[in-house]
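S.K.: Numbering (the numbering used here), first residue to last: 2 to 313. We put the beta carbon where it would ideally sit given N, CA and C, even for glycine. Handing you a structure now.
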């Protein structure tokens, strides 16, 4: 365990704000952490719920599970499920849980450990095979995307998921220079194929983000699971959604707003059949990390927290 402690660097973004929203103090209800990671949010919930309360945390990353299991070993009311949060409904059913009665957390995106762990291939700053999988058992890797996707498909991914303005130029350079085996090869190619513009971020940042999202199907998984979770929440349960880039935040904002509207039916319907307003938005504008937190952990500057309460 000493090895994983040394190599697993973990910082929990907006821990207090995210957990405070769930009102967990002394609660004996059921809570869910969809993204266990290093266990920061889970530990904060466990510290505050009653011994009769229950927390179920989902994670697919073996390093994170090993680290969190050791960190949280003294809590008997925790169940760690080694599975993607996309399986939340079936796994809660296996545990005999029909409704999330307390609250649920989504902490999206890659963890600091994943982004900075060289062998995992997330970082363009460290030499590694192109991988980027959260789940090491899945087949699709960054290597397949970079070396086998069509130029047209690469342009779509870089534009949609990375909002990269030089998507066509980068995609063309990738296709012309295949095979590309490592993170540094790809990063150098991106740098050479784009104009030398003064910027605080590396020219490969957006492309690496886009490939990571495609490898792990992050946006579609989040959208589908968010809908499942809303339906699984009991009346008065709270959802906290912590996002780190605009695509995730837009999805969270639109979905929560839709379920907080008076009707979700097709406008052509003469009679409402959707059941009406199901959520109440706790904050209409996202909560941002404090200045002190951003100073301590600069990546938290991009975090946005949205909170909603189930009312029906």
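If you run the structure through DSSP and keep just helix, strand and coil, what is residue 55?
M.R.: DSSP places residue 55 in strand when its eight states are reduced to three.
S.K.: Taking only the alpha-carbon atoms, compute the straight-line gap between residue 22 and residue 155 and give it to the nearest angstrom.
M.R.: One C-alpha to the other measures close to 39 angstroms.
S.K.: State the beta-bridge partners of residue 183 as determined by DSSP.
M.R.: Answer by DSSP bridge pairing, in chain order: 130.
S.K.: Can you find the residues in the same chain that come closer than 7 angstroms, C-beta to C-beta, to residue 148, ignoring five residues on each side of it along the sequence?
M.R.: For residue 148, where only same-chain residues beyond five positions count, the Cβ hits under 7 angstroms are 179, 180 and 181.
S.K.: For residue 210, count neighbouring Cβ atoms within 10 angstroms of its own Cβ and tell me buried if that reaches 16, exposed if not.
M.R.: Buried, by the Cβ-count rule.
S.K.: What are the uninterrupted segments assigned as alpha helix (DSSP H) that are 4 or more residues long and contained completely in the stretch 151-208, given in chain order?
M.R.: For the stretch 151-208, whole alpha helix (DSSP H) runs of length 4 or above, ordered along the chain, are 152-163, 168-177 and 184-194.
S.K.: For my contact list, residue 109 and residue 243 are in at a C-beta cut-off of 8 angstroms; report their separation, rounded to the angstrom.
M.R.: The pair is a contact, with the Cβ atoms about 7 angstroms apart (cut-off 8 angstroms).
S.K.: What runs of the beta strand (DSSP E), each 3 residues or longer, lie entirely inside the stretch 14-97?
M.R.: As far as the stretch 14-97 is concerned, its whole beta strand (DSSP E) runs of at least 3 residues are 31-34, 55-60 and 79-83.
S.K.: Would you call the CB atoms of residue 73 and residue 81 closer than 9 angstroms?
M.R.: In contact: residue 73 and residue 81 (Cβ atoms closer than 9 angstroms).
S.K.: How many angstroms separate the CA atom of residue 90 from the CA atom of residue 52?
M.R.: Rounded to whole angstroms, residue 90 to residue 52 spans 24 angstroms at the Cα level.
S.K.: Which residues in the same chain have their Cβ closer than 7 angstroms to the Cβ of residue 7, if we skip the five residues on either side of it in sequence?
M.R.: Any reading at residue 7 needs caution, since the residue's pLDDT is 44, under 50, leaving its predicted position unreliable; the model's value is listed next. For residue 7, where only same-chain residues beyond five positions count, there are no Cβ hits under 7 angstroms.
S.K.: Where does residue 307 sit, in a helix, a strand or coil, going by DSSP?
M.R.: It is a strand residue.
S.K.: Take the Cβ of residue 341 as the centre, count every other Cβ of all protein chains shown within 10 Å, and call the residue buried at 16 or more, exposed below.
M.R.: One cannot answer for residue 341 here, as it falls past the ends of the chain, which runs 2 to 313.
S.K.: Work out the CA separation of residue 238 and residue 299 for me, nearest whole Å.
M.R.: Rounded to the nearest angstrom, the two C-alpha atoms are 31 angstroms apart.
S.K.: Could you tell me if residue 1 is buried or exposed, where buried requires 16 or more neighbouring beta carbons within 10 angstroms of its beta carbon?
M.R.: What is shown of the chain runs 2 to 313, which leaves residue 1 out entirely.
S.K.: For the beta strand (DSSP E) that contains residue 135, what are its first and last residues?
M.R.: That residue, residue 135, is in no beta strand (DSSP E); it is neither H nor E in DSSP.
S.K.: Taking only runs that begin and end inside the stretch 206-257, name each unbroken beta strand (DSSP E) of 3 or more residues, in chain order.
M.R.: List check, beta strand (DSSP E) in window: 239-244.
S.K.: So the candidates are 308, 128, 200 and 121; which of them puts its Cα closest to the Cα of residue 186?
M.R.: With distances taken between Cα atoms, residue 186 lies closest to 128.
S.K.: Return the bridge partner residues of residue 108 from the DSSP annotation.
M.R.: Residue 108 is bridged to 243.
S.K.: Answer yes if the stretch 291-307 comes into contact with the stretch 211-230, meaning at least three C-beta pairs across the two stretches below 8 angstroms, and no otherwise.
M.R.: Touching, no, given that fewer than three Cβ pairs across the two stretches are closer than 8 angstroms.
S.K.: By alpha-carbon positions, which one of 274, 301 and 260 ends up nearest to residue 282?
M.R.: Taking only the C-alpha atoms, the option nearest residue 282 is 260.
S.K.: Just grab the DSSP bridge partners of residue 281 for me.
M.R.: In DSSP, residue 281 forms a bridge with 310.
S.K.: Tell me whether residue 270 counts as near the ligand COA, meaning its Cβ is closer than 8 angstroms to at least one heavy atom of that ligand.
M.R.: In the structure on display, the ligand COA does not appear, and there are no ligands present to speak of.
S.K.: Could you tell me whether the stretch 50-66 touches the stretch 132-142, where touching means 3 or more Cβ pairs closer than 8 angstroms?
M.R.: Output reads yes: the stretch 132-142 touches the stretch 50-66.
S.K.: Between residue 66 and residue 83, how many whole angstroms is the CB-CB distance? I'm expecting something under 8 angstroms.
M.R.: Indeed they touch by this definition, with Cβ atoms about 6 angstroms apart.
S.K.: What does the alpha-carbon distance come out to for the pair residue 207 and residue 164?
M.R.: If you take the alpha carbons of residue 207 and residue 164, they lie about 7 angstroms apart.
S.K.: Can you check DSSP and say which residues form a bridge with residue 289?
M.R.: Bridge partners of residue 289: 305.
S.K.: In this structure, what does DSSP give as the bridge partners for residue 101?
M.R.: Note: residue 101 sits in a beta bridge opposite 234.
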